[in-house]
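The opening residue of the sequence shown carries number -11 in the working numbering; numbering runs sequentially from there. Where a beta carbon is used, it is the ideal one built from N, C-alpha and C, also for glycine. None of the values given here were measured: they were computed from a predicted structure. Just below is one structure, and these are the notes that go with it.
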Amino acid sequence: MKKPLIYFLCTGNSCRSQIAEGLARHLGAHAIEVQSAGIEAHGLNPRAISIMQEAGIDISHHTSKLIDDELLIHADYVITLCGDANDKCPITPPNVRRLHWGFDDPARATGTEDEIMAKFREVRDDIRDKLTSWLAEELHFTANTK
């Protein structure tokens, strides 16, 4: 049976979509296929790597990628994580279920390093919570929470 392909999109594929990709791979275990990309490729944010390591998930090997038209048309789900990606995402074919989950951009957080890292953790946890409930509702399986 073909695993559903989930394609997360964001502006720069540096934070939110990378966090979502790492979480989805971890939570979905072997039941889903996951990719992420951006309207632009800004490079992987070191703070995103750090907060994911805190959660026991290594995304340090990820790379920041531009949207791949082939993945876009073959995805089962395209999930945009910011308004910019939602507005600028190319048209998806009717067979692709397109969703928009808007999250704050933690890379734009200001303040002390502790305050900035707290924002990254908040966004990570919000994405994890949304993803966990969506996987259960949409794909009818319990996420791997270990």
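Query, Result
"Give every residue of the same chain whose Cβ lies closer than 7 Å to the Cβ of G71, excluding the five residues on either side of it in the sequence, and list them in chain order.", "G90"
"Residues in the same chain with beta-carbon distance under 7 Å from G31, minus the five sequence neighbours each way, listed in chain order, please.", "S2, S52"
"Which residue comes first and which comes last in the alpha helix (DSSP H) that contains E21?", "Run containing E21: none in the alpha helix (DSSP H); it sits in the beta strand (DSSP E), 21 to 26."
"So who's on the other strand from C(-2), going by DSSP bridges?", "G26"
"Answer with buried or exposed for T(-1), where buried requires no fewer than 16 other C-beta atoms within 10 angstroms of its C-beta.", "buried"
"If V66 and L(-3) are in contact, beta carbons under 8 Å, what's the gap, nearest whole angstrom?", "6 Å"
"Please identify the residue among C77, G10, L54 whose C-alpha is closest to the C-alpha of E28.", "L54"
"Can you tell me whether M40 is buried or exposed? The criterion is at least 16 other CB atoms within 10 Å of its CB, across all chains shown.", "buried"
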